[in-house]
Structures are given as C-alpha cells and as structure tokens.
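In order, the protein sequence lines correspond to chains A and B.
For the first sequence, position 109 (counting from the first letter as 1) is numbered 273 according to our numbering, and the numbering increases by one without interruption.
For the second sequence, position 216 (counting from the first letter as 1) is numbered 217 according to our numbering, and the numbering increases by one without interruption.
Even for Gly, the Cβ is constructed at its ideal location relative to N, Cα and C.
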Amino acid sequence: MNVPENLRYTASHEWLRAEPDGTVSVGITDHAQEALGEMVYVELPEVGRALGAGDGAAVVESVKAASDVYAPIAGEVVAANGALNDDPGALNKEPYQAWLFRLKPSDPSALEKLLDADAYRKSFE
Amino acid sequence: MLQTPLIDVHRRAGAKLVEFAGWELPLHYGSQIEEHLAVRRAAGMFDTSHMLAVDVEGAGARAFLARALANNVERLRQPGKAMYSCLLREDGGILDDLIVHFVREDLYRVVVNAACADKDLAWLQSLGPERTVLSPRRDLAMIAVQGPAARERTWTALPGLRAASEALEPFFGVQAGAVFVSRTGYTGEDGFELLLPAAQAGEAWTRLAGAGVRPCGLGARDSLRLEAGMNLYGQDMDQTTTPLECGLGWTVDLDSGRNFIGRRALATQLPTRSLLGLVLLGRGGVLRARQRVLLAQGEGETTSGGFSPTLQTSIALARVPARTVPGDAAEVELRGKRLAARVVRPPFVRRGRVLV
Numbered sequence: 165m166n167v168p169e170n171l172r173y174t175a176s177h178e179w180l181r182a183e184p185d186g187t188v189s190v191g192i193t194d195h196a197q198e199a200l201g202e203m204v205y206v207e208l209p210e211v212g213r214a215l216g217a218g219d220g221a222a223v224v225e226s227v228k229a230a231s232d233v234y235a236p237i238a239g240e241v242v243a244a245n246g247a248l249n250d251d252p253g254a255l256n257k258e259p260y261q262a263w264l265f266r267l268k269p270s271d272p273s274a275l276e277k278l279l280d281a282d283a284y285r286k287s288f289e
Numbered sequence: 002m003l004q005t006p007l008i009d010v011h012r013r014a015g016a017k018l019v020e021f022a023g024w025e026l027p028l029h030y031g032s033q034i035e036e037h038l039a040v041r042r043a044a045g046m047f048d049t050s051h052m053l054a055v056d057v058e059g060a061g062a063r064a065f066l067a068r069a070l071a072n073n074v075e076r077l078r079q080p081g082k083a084m085y086s087c088l089l090r091e092d093g094g095i096l097d098d099l100i101v102h103f104v105r106e107d108l109y110r111v112v113v114n115a116a117c118a119d120k121d122l123a124w125l126q127s128l129g130p131e132r133t134v135l136s137p138r139r140d141l142a143m144i145a146v147q148g149p150a151a152r153e154r155t156w157t158a159l160p161g162l163r164a165a166s167e168a169l170e171p172f173f174g175v176q177a178g179a180v181f182v183s184r185t186g187y188t189g190e191d192g193f194e195l196l197l198p199a200a201q202a203g204e205a206w207t208r209l210a211g212a213g214v215r216p217c218g219l220g221a222r223d224s225l226r227l228e229a230g231m232n233l234y235g236q237d238m239d240q241t242t243t244p245l246e247c248g249l250g251w252t253v254d255l256d257s258g259r260n261f262i263g264r265r266a267l268a269t270q271l272p273t274r275s276l277l278g279l280v281l282l283g284r285g286g287v288l289r290a291r292q293r294v295l296l297a298q299g300e301g302e303t304t305s306g307g308f309s310p311t312l313q314t315s316i317a318l319a320r321v322p323a324r325t326v327p328g329d330a331a332e333v334e335l336r337g338k339r340l341a342a343r344v345v346r347p348p349f350v351r352r353g354r355v356l357v
C-alpha cells in the first residue's frame, strides 16, 4: 500500500497536502480507494463553503457503496476538482493526484496536528 | 466459511474474496466494471458452485414437481428443456426461485440459490415426495460462461463439449460426457452453465481462461443481472412477496387448473404493488437498495440498485404502486435530495443492447 511521506493523514483515510499558496488539498488514501472499490460518482463541496473540522465535505460512491469524506481541518473551500465528475475512476488510479477539494485553513498550524505517514500506517496495522 | 473446488484457482488469480451466503467467493479479480463489460462484449465466467443442484428422481417425480412448483412442469416434454419457476408457500410468498431441467420422464435436475439450499431441501422433503428421491449434488461444481463469444470459447477450451451442445437451443441442457451443459444464465447474454464433477472444475476453469474467457466475480454478476432485469432472491423478493408483485406473474401457472402450493392464495390476489425499473436521469448519486421512491401514484422503494456500466448511469429495481406504468416520472430520495428518475420495464439490457 502506498503512503507518501510528504502528506498528512486522518484515521478516516483522508490525505492532506500543503500547497505552495497556503491552501490544503484533500483526497482519499490508496488504502481507502482499495477498500471502497471502483468509484463511479463523486459529490464535491461548493466553493466558498465554510467547513468545520470533521464536517462532511464530499461523498464518493463506488460500485459497492457511498462514503462520506470529512474535512480534516476547519477552513473555507477554495476549489473543487470538477474533473472527477467525468472521471471518478481517477480516485482509484491515482489516489494522491486526484484531490477532491482545497481548503484555506482557518488555522495554518492545524495540519501539523494530523497523522504523518508513519502514524497513519500504524493506525490500521 | 464454505469453499468451492475453485478456491485455490481464485486465490492464484488474485481475486478479492468475500463471504456470500456462507461461501467464500470472488467479489472481483481487479475490476468489476471491466469484468461486466467483458461479459457484454465477449465472454466472462463465474464460479457458481455455491448454488445447489438437486436431482429429483423416480416414477412420482413429475407429479411431485407439479405440486411443488408454481410454473407448469407439463411444459417440460422435450429432453433437456429448462424452466424457471418460483417455489411458493401456501400463502403465495416466495421461498426461492430456481431452474428445473427435464432430463427424462423420471429424472429432473433443479438448481437453487445457495442461501436457500438447506431451507429448500427441508421444505421439499416436508411436502412428502412419493416414489421420488431428492439427491443434493454437492459433488458437482458449476461454472457459468456468459457473453456473445461464450459458446465459441467454451468449445475452444473444452472441445469435447462441442458435438453435444452445438445445436442446443436457448433454455435447453444436455449431458455431454461428465459435464451437464445448459444454455442458460443470469446475465442477459448468451452462454452456458456447466455442471461438472468437482475434481474437473479447476482444469476446465484454467482452459476457459486460456481461451479468453475472463474470470468474473460476484460484483459483476450482480450488476449484469440487474441490467438484465433479473430478480435476486432475498433482495427483490422473499417470503413476504408473491410472484405477482415482483414481475414474475408470467412464471405462475394459474390457467391449467393444476393444484400447486400457493395457487389458492395467488388465484385471489389482486396485487397492490409491482416491481419495475428506474433509470436515473441526471447526476446526484447512485441508486441503491432501500431508497424511498416518490411517484404520482404513491410511494415505493428500491429493492436493488447500482451503477450500470452499459448505460453509464444508475439504475434500480423498485417496488411501486401497482398502477405505475413505464414512462412515469419518479423521484428517489438520496442524502436528503430528490433525484429525478424515469420508470421503465426491465430488462434494461439484453444481448448487449440497451432496451430502455
């Protein structure tokens, strides 16, 4: 299973990447896509929406089931990856390229409190 | 968990294995959607060894089946002829659905669902078969080879079957050496279901794969049967529904006057609900089982649903008020939203063609 070192993670299998412009990209991990199966639909948050940490932000639906994707940290949605509407399978093929949405974090240091790659790997061992 | 004779073959092929009706079976071998499309376009195969064949044998076999089955066994006169039927309770509730093959006047082979097999056997025995012996055939494995190229590739892989099965009409079966070959299936495509000795299953599977028949799991099996508009027992129908309420009125023989179990209840039933199809019109999610359906005639509920790889949108079977007709507008409740759908008459897809 692929867990890149440069990302942050949650126990609910989201990944987060700090972008150079100060925003944070959020997606689902390789482990999550593997467990959920082939994706056939995504529901993305509206740009401008304010999310609290733990709020439901997106929904991904696989051939098996629908799953919520949560905002791991508080912030405002500044972008949603609309390309996934036409190609939800990208979540399976390239889970760490296929970001779902980008947040402008309310607290820029919030990211550091999340799991690093090592801690994430251990979370489901 | 119970395992079929093909479990090691599945493991070696990298199958993702799951529990189904007490059996350990492949969900997929990598991509459920590609497996589904392989069956629609060429050929795929399923390990259906969890299903149970029961031989019904003896001078009283026909009379026994005439009482036990809702469909008319008198239709079974040509050797090899197969027939779909429900097994009913006295109140018309469905105990199981099955295929019965006419082998000869004193021998019939019934194939039932895995989850119902023990219950079915106990029920059939409780009816007190006279001059009839029921023999569960756990010694047989079952491989369903399905798709437009399924028969041709079966003959390439297992040339010994060609002579006996080349002239086989749809819904007929024939014994070809050790293999019972039946031109039936659960996908809406042409193909065979092969019942064969468990010890021969591994080699047959490997030869079929070598001839270009793609191994497929339960995931594709479910999306294919949904597109084909075929009911899944335990999901689209069960003991609380009668065949008249789930699109299976055509399998109930109320005309011949034959006194089968469930006849009295069905003869007087005026169904208030029926089972029809739904096609999602826009985006907004995937239809799944147990979602609320709103119609001009009242409310209904989806019984099966999913993404259709052939239609590239979501489809469902739904229990709806009996006055609902194809073409009606419907809304399906999903995550607090109401998504627009169109009522259609299943099947959605047959022989590779979209019908809705």
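Close beta carbons around B/G286, own chain, < 8 Å, minus the five adjacent residues each side: For B/G286, where only same-chain residues beyond five positions count, the Cβ hits under 8 Å are S315, L335, R336, K338 and L340.
Within 9 Å, strictly: CB atoms of A/A182 and A/L275: yes
Residues that B/V355 contacts on chain A, provided the C-beta gap is smaller than 9 Å: In chain order: nothing, as chain A lies at least about 18 Å away.
Alpha-carbon to alpha-carbon, B/A330 and B/A342: 6 Å
Selection of the region 332-346 of chain B by Cβ proximity to chain A, strictly under 9 Å: L335 and R336
Bridge-paired residues (DSSP) for B/E20: B/E20 pairs with B/E25.
Given 8 Å, three or more beta-carbon pairs between the region 206-217 of chain A and the region 316-323 of chain B: The region 206-217 of chain A, when compared against the region 316-323 of chain B, does not touch it at the 8 Å Cβ threshold.
Three-state class that DSSP yields for B/W251 in the structure shown: helix
Residue environment, B/D97, which counts as buried when at least 16 other CB atoms sit within 10 Å: buried
Contacts of B/F308 in chain A (Cβ-Cβ under 9 Å): E202, V204, Y205, E225, S226 and V227
Short CB-CB distance (under 9 Å) between B/R284 and chain A: yes
Residue-chain proximity (B/Q33, chain A), Cβ-Cβ < 9 Å: yes
Nearest-angstrom Cα separation, counted from B/V175 out to B/V182: 5 Å
Neighbour-count burial assignment, B/A39, 16 or more Cβ in a 10 Å radius: buried
With 16 other Cβ atoms within 10 Å as the buried cut-off, status of A/P236: By the neighbour-count rule (16 or more Cβ atoms within 10 Å), A/P236 is buried.
6 Å Cβ shell around B/A221 - same chain, five flanking residues per side excluded: Q33, E36 and H37
Integer Cβ distance of B/G81 from B/F65, believed to fall under 8 Å: About 20 Å; that fails the 8 Å criterion.
DSSP-derived helix/strand/coil call for A/S176: coil
Contact with chain B by A/A170, beta-carbon distance below 9 Å: A quick correction: the sequence has Asn, not Ala, at residue 170 of chain A. No, its Cβ sits nowhere closer than 9 Å to a Cβ of chain B.
Reduced DSSP secondary structure (H/G/I, E/B, other) of B/R339: Strand at B/R339.
CB contact below 9 Å: A/N249 versus chain B: yes
B/V134 at chain A interface by Cβ criterion, 9 Å: B/V134 does not count as touching chain A.
Beta-carbon spacing of B/T243, B/I95 below 9 Å: Yes. Within cutoff.
Strand pairing of B/R293, partner residues [DSSP]: Bridge partners of B/R293: B/E302.
Reference B/R215, options B/A22, B/L3 and B/G31, closest by Cα: B/G31
Residue from B/V357, B/S305, B/T304 and B/P310 whose Cα sits closest to the Cα of B/G328: B/V357
Buried or exposed (CB count within 10 angstroms, at least 16 for buried), B/L277: buried
Secondary structure of B/F181, DSSP reduced to three states: strand
Cβ-based burial, A/G191 [other Cβ within 10 Å; buried from 16]: buried
Amino acids of chain A, ordered along the chain, whose beta-carbon sits closer than 8 Å to that of B/V287: V204, Y205, E225 and A230
Through-space distance from B/T325 to B/S275, alpha-carbon basis: Roughly 8 Å separates the two Cα atoms.
C-beta contact flag for B/E58 and B/L26 at 9 Å: no
Which residues DSSP lists as bridging B/P272, in chain order: Answer is none; B/P272 lacks a bridge partner.
Within-9 Å CB hit, B/S183 to chain A: By this cut-off, B/S183 is not an interface position.
Under 8 Å (Cβ pairs) to chain A, residues found in the region 206-224 of chain B: G220 and S224
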